[in-house]
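In UniProt numbering, the protein residues as written are 1 to 414. For every residue, glycine included, the Cβ atom is placed at its ideal position computed from N, Cα and C. Have a look at the structure below, then the notes.
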Amino acid sequence: MTEADTDAVVTIVGGGVHGVHLAVRLLDAELLELSELRIIDPAGLLEAFRRQCRQCGMVEFRSPFVHHVDTDPFSLRDFARAHGREDELVPSTVGADRPTVSLFFDHAEWLCDRYDLESIWLEARVTDIADRRGVVEIETNHGRIDSRWCLLAVGHGGSFTYPEWAADLASTEPVTHVWDPGFDPDAIGETSTVGVVGGGITAAQLATTLAQPGRDVVLFARSPFRVETLEASTDWMHFSGAIENLHAHPPGSRAREELVSDARYDGTMPPYVFRRLQRALERKRVELEQSEITVATEAGGTVVVTCRDGSAFCLDELICATGFGSPYDGELFRHLRRESSLQTGYHGAPVLDDDTLRWMRQDETPSRIAVSGAAAEQVLGPFARNVIGARRAGELIAGSLESDLDAEKRTTKL
Ligand SMILES: Cc1cc2nc3c(=O)[nH]c(=O)nc-3n(C[C@H](O)[C@H](O)[C@H](O)COP(=O)(O)OP(=O)(O)OC[C@H]3O[C@@H](n4cnc5c(N)ncnc54)[C@H](O)[C@@H]3O)c2cc1C
1 MTEADTDAVV TIVGGGVHGV HLAVRLLDAE LLELSELRII DPAGLLEAFR RQCRQCGMVE
61 FRSPFVHHVD TDPFSLRDFA RAHGREDELV PSTVGADRPT VSLFFDHAEW LCDRYDLESI
121 WLEARVTDIA DRRGVVEIET NHGRIDSRWC LLAVGHGGSF TYPEWAADLA STEPVTHVWD
181 PGFDPDAIGE TSTVGVVGGG ITAAQLATTL AQPGRDVVLF ARSPFRVETL EASTDWMHFS
241 GAIENLHAHP PGSRAREELV SDARYDGTMP PYVFRRLQRA LERKRVELEQ SEITVATEAG
301 GTVVVTCRDG SAFCLDELIC ATGFGSPYDG ELFRHLRRES SLQTGYHGAP VLDDDTLRWM
361 RQDETPSRIA VSGAAAEQVL GPFARNVIGA RRAGELIAGS LESDLDAEKR TTKL
């Protein structure tokens, strides 16, 4: 790491949807110069999300075209028009048109170029963060960066969940997780027998993508399918009564955590994904096993699974599409929980200030670390992890930084 890499006014940890949107928002509002901003990510800007979309075979976004990483809600639509790609805004039976994955990422890449974000990206993994009052010390696998402010946008931080029966087999061939960075759907044999575990959007997309002539695909879904357009009620998209009710409970509390988890339509799929799955089932390109796997045993490069209803299958590959883990269980959050003077609450949730998303210290003063993404859902509700959540977090964080940065600049001039 060079000298120029080490000094920053604001350092964003994580260059996904949330990190990129925060950078764009701060630069757009002219709160700081490009040279005063850093984004640290081992994978590259938006690369982890791009990989996840490819891993599950997603072709269209679930959210409407006004949800993207720019500040102007109509930026993606204008980009599509300017490039003759309006046909990539896919009509929706309910709500606004949705962008294709390639349109979303091309627009995001165009935006990153416009703000020259690649030039401030540091390829590194953050291993520790120490809040030292006037400065935040950010330890990475390539050295330390000192920054006046740190914005944490690490998504789920690499945590995903396996079912209990997979505990001893997880990530050993032939059992894997769709979010395992090493999972490559293109590496699956053309004539393989593949099992997909899960009953939500990811499992349905993966099963229908993998279903190709010559390949047998079995979908293990223990519960009936549930169809929902979005991940939660739209009441949560606005600073509305729902958010007020959430904030009525203490920050970091079990009550907030439960309210958000009850509000999320986890394990559901939108109508267009359900229709695609239905067609694949009708055409017998996907076989449905509506039971729960109870035992799985590896046997010479294949896996034999037995279900609660007594049926058994021998599979070449078994892919779990069983969701992300808690955002507080990623490596960095676990480390901070053990080692730092920042407050954590129920299940390790960061205790954040509702108005600024700043992580509170043990002494009840706000730190210089703010949080965006899934780990901010106790403040922003069930859409915190989504693109709309990035926009809400951006408003709050930029709003609070504006006054703090102004005050700091005035002090420096004196
Ligand atoms: C397949 C899929 C489809 C989705 N579709 C939609 C949709 O249609 N609409 C919608 O609104 N939302 C959608 N979401 C939800 C959400 O928008 C995405 O998950 C989005 O990627 C979240 O952005 P993020 O920046 O919080 O996390 P990520 O995109 O995961 O980015 C986090 C970044 O942090 C980096 N990182 C992690 N740990 C460290 C560390 N220690 N040091 C440095 N960097 C680190 C990672 O490398 C990664 O690049 C979807 C999610 C998935 C998985």
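Inset, instruction - List the residues that DSSP assigns as beta-bridge partners of Ala312. - result: In the DSSP output, where bridge partners are listed per residue, Ala312 has Thr306.
Inset, instruction - Please classify Gly214: is it buried, with 16 or more other beta-carbons within 10 angstroms of its beta-carbon, or exposed? - result: exposed
Inset, instruction - Output yes or no for whether 9 Å exceeds the beta carbon distance between Ile293 and Val196. - result: no
Legend entry - Under 9 Å between C-beta atoms of Thr229 and Arg77: no
Inset, instruction - Kindly indicate the opening and closing residues of the beta strand (DSSP E) around residue 415. - result: Any question about residue 415 goes unanswered here, given that the chain covers just 1 to 414.
Inset, instruction - Taking only the alpha-carbon atoms, compute the straight-line gap between Asp406 and Gln278 and give it to the nearest angstrom. - result: 56 Å
Inset, instruction - Give the C-beta separation of Ala108 and Phe65 to the nearest angstrom, bearing in mind that I take them to be a contact with Cβ-Cβ under 8 Å. - result: Cβ-Cβ separation between Ala108 and Phe65: approximately 13 Å, too far for a contact (criterion under 8 Å).
Legend entry - Glu317, enclosing beta strand (DSSP E) - first and last residue: 317-320
Inset, instruction - Quick one: which unbroken alpha helix (DSSP H) runs of 4-plus residues sit fully inside the region 56-144? Chain order, please. - result: 75-82, 101-114
Inset, instruction - In angstroms with no decimal places, state the Cα-to-Cα distance between Cys150 and Val286. - result: 46 Å
Legend entry - Beta-carbon proximity list for Phe105, same chain, < 7 Å, skipping 5 on both sides: Leu46, Arg50
Legend entry - DSSP state of Asp266 mapped onto helix, strand, coil: coil
Inset, instruction - State the beta-bridge partners of Ile220 as determined by DSSP. - result: This sequence places Phe at residue 220; Ile is not what is there. Its beta-bridge partners are Val197, Glu289.
Inset, instruction - Whole angstroms is fine: what's the gap from Leu396's alpha carbon to Thr127's? - result: Roughly 26 Å separates the two Cα atoms.
Inset, instruction - For Trp236, collect the residues of the same chain with a Cβ closer than 8 Å to its Cβ; drop the 5 residues on either side in sequence, then sort them by chain order. - result: Taken in chain order, the residues that qualify are Ala242, Ile243, Ala263, Gly381, Pro382, Phe383.
Legend entry - Endpoints, the beta strand (DSSP E) within which Leu37 is located: Start and end: 37-40.
Inset, instruction - Rounded to whole angstroms, what's the CA-CA distance from Pro185 to Thr365? Just pull it up for me. - result: 47 Å
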